[in-house]
Amino acid sequence: MTLQTPSFSPGLEGVPIAESAVSLVEGEAGRLTYRGYSIEDLTQPGVSFEEVVALLYDGELPSVARVEEIRKELHDNRVLTPEQLEVVIQVGKITHPMFALQAATAMLAPRDNDFEPKVQTVQERGLRLIAKVGHLVGIIAQARAGRPYDGPFIGESFAGMMLRMLTGKEPSPLHVRVMNALLILQADHSAGNASTFTARVVTSTKAEPEAVVAAAIGALSGPAHGGANEGSLRLFQQIGDPKKAEQEIQRLLDDKFKIPGFGHRVYHVKDPRSKVIQTLAAEVIEPGSEIADLYEIALTVEKVATARLGDRGLYPNVDLFSGCVFAALGIPTDFFTPIFAASRTAGWMVNMKEQWESGNRIFRPSQIYVGEQARDFIPMAKRG
Ligand SMILES: CC(C)(COP(=O)(O)OP(=O)(O)OC[C@H]1O[C@@H](n2cnc3c(N)ncnc32)[C@H](O)[C@@H]1OP(=O)(O)O)[C@@H](O)C(=O)NCCC(=O)NCCS
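So our numbering is basically just the index in the sequence shown, starting at one, shifted up by 1286.
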């Protein structure tokens, strides 16, 4: 019998890694749907992150009672023990918030380590983690800013809690609405993106949910994935003056610089999330403000880079404009990716559940060996 060796696809481009019914990215149409519902509909005013968590888990739009159930789960399970709180505060002071979040998430894991006997709790454990990761981001933000711990209030929503803890201010209803939309937009993006794939690989080893999320946070931290939202805002700040933007972007593209917030493996049209983010930008960016200048630079980046790269299928992705909206909400730049992680924890955990339900075979792909053939060992004394 001859075994067919599949051809090597760098970056696993075009290689399916799972059968999934959670979300669908349609690269040519520029469409993203969760359980069949468009992100444009799901980010309408009035839709909460909690509602979308229910949709992602259940596969159907939730009733009022079901949203209330999920809201209560996320509300009641966000508390930490005093010992956990102390560790998060300390780790938040010494490293980048993404690494602090990764360490803090791993620390929430149980003392034993074998998830298979506990697989019936996969949804319960996932919801607990979604609740806690949002809270962890807030704690790390307070620790990093040197503010005392001021944890969730009774009745505070997930978005409201995160925003207040991140900014140190009571958020306006508009800002809470926009925060909900940002969390919803980033909650899932098919099974094949780097961090969700990581989550699935770690799930396949029967690891605990905290290990799954901690690993996925590591994958998300890189500038080619989640870190691009920080990168794009920093680039706009570096350019500084909207009048210089065109010339500067032309120069960067001449130098083969990869513009953060631009290009995508799957989308070859403008990322639908970036269009939704632009409608949010119009609501929260104050004309004449410093952020309005940064947003103008972002628009110039879009114009110039699209003119140069659009015919190669490269267009703005979610991260080109998201940084400006986060900044308009008063969120510090190095917390853009941790917020992404808090929202994507929902997608990771729903993917974990789906994978267990579909057999959870361990990922063990192959390689194409290009090294030396077996050869004789030479003792040290004879190596010259
Ligand atoms: C998203 C991304 C990682 C996809 O990577 P990929 O599918 O492996 O595509 P590649 O990096 O191989 O890029 C293909 C070509 O497009 C170019 N390209 C891709 N993204 C580019 C960008 N943002 N700016 C300029 N050129 C870009 C590459 O230089 C490459 O050109 P070449 O063929 O002449 O070498 C990549 O577009 C990128 O790094 N973008 C910036 C980071 C970012 O915004 N990430 C968030 C994604 S949501």
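Quick reminder that beta carbons are idealized off the backbone N, C-alpha and C, glycines included.
If you draw a straight line from the Cα of Arg1430 to the Cα of Gln1536, it is about 36 Å long. For Val1408, the enclosing alpha helix (DSSP H) covers residues 1408-1431.
Following the DSSP letters along the chain, one finds Ser1309 inside the beta strand (DSSP E) bounded by residues 1309-1312. Rounded to whole angstroms, the Cβ separation of His1475 and Gly1633 is 7 Å, and the two are in contact under 8 Å. Around the Cβ of Arg1433, a 10 Å sphere holds fewer than 16 other Cβ atoms; the residue is exposed. By the neighbour-count definition (other C-beta atoms within 10 Å, threshold 16), Ile1664 is an exposed residue. With a threshold of 16 other beta carbon atoms within 10 Å, Pro1624 meets it and is buried. When Pro1302, Asp1362, Ile1545 are compared, the shortest CA-CA separation from Arg1594 is found for Ile1545. Between Leu1471 and Val1604, the gap from beta carbon to beta carbon is short of 8 Å.
Membership of Arg1317 in the beta strand (DSSP E) is indicated by the continuous run 1317-1320. A Cβ-Cβ separation of about 6 Å places Met1638 in contact with Val1498 under the 8 Å criterion. Inter-segment contact for the region 1604-1623 and the region 1510-1518 is present: three or more beta-carbon pairs are separated by less than 8 Å.
Nearest to Val1570 by alpha-carbon distance, out of Ile1425, Leu1460, Gly1420, is Leu1460.
Under the DSSP definition of a beta bridge, Pro1495 lacks any partner. Per the C-alpha coordinates, the member of Pro1602, Met1451, Val1487 positioned closest to Ala1505 is Val1487. For Ile1654, the Cβ stays outside the 7 Å cut-off from all heavy atoms of ligand 1. Beta-bridge annotation (DSSP): Tyr1323 is paired with Tyr1320.
When the beta-carbon positions are compared, Ser1481 and His1511 come within less than 8 Å of each other. When rounded, the separation of the alpha-carbon atoms in Phe1444 and Arg1357 is 8 Å.
Just so you know, the alpha carbons of Ile1617 and Leu1566 end up roughly 15 Å apart. For Phe1548, the beta-bridge partners assigned by DSSP are Pro1602. With fewer than three CB-CB distances shorter than 8 Å, the region 1391-1404 does not count as touching the region 1341-1349.
Taking the C-beta atoms as reference points, Ala1417 is found no nearer than 8 Å to Asn1466. Ligand 1 never approaches Leu1519 closely enough for any of its heavy atoms to be under 7 Å from the residue's Cβ. In summary, Asp1579 is buried, with 16 or more beta-carbon neighbours lying within 10 Å of its beta-carbon over all protein chains present. Here Val1408 is buried, its C-beta having at least 16 other C-beta atoms within 10 Å. Between ligand 1 and the CB of Ala1445, the shortest heavy atom gap is not smaller than 7 Å. Its Cα nearest to that of Arg1520, the residue Ala1613 stands out among Ala1485, Ala1613, Ile1375, Tyr1601. Three or more beta-carbon pairs drawn from the region 1439-1458 and the region 1421-1430 are found closer than 8 Å, and the two stretches are therefore classed as touching.
In this structure, DSSP gives Thr1565 a helical state, which the three-state scheme calls helix.
Asp1620 carries a helical assignment under DSSP once its states are collapsed to helix, strand and coil. Collapsing the DSSP output to three states places Ser1349 in coil.
For Asn1603, the Cβ falls inside the 7 Å cut-off from some heavy atom of ligand 1. If you draw a straight line from the Cα of Gly1297 to the Cα of Ser1458, it comes to about 42 Å. Sequence-distant Cβ neighbours of Glu1456 in its own chain, meaning closer than 8 Å and more than five residues away, are Arg1450. In the structure shown, the three-state DSSP call for Ile1503 is helix.
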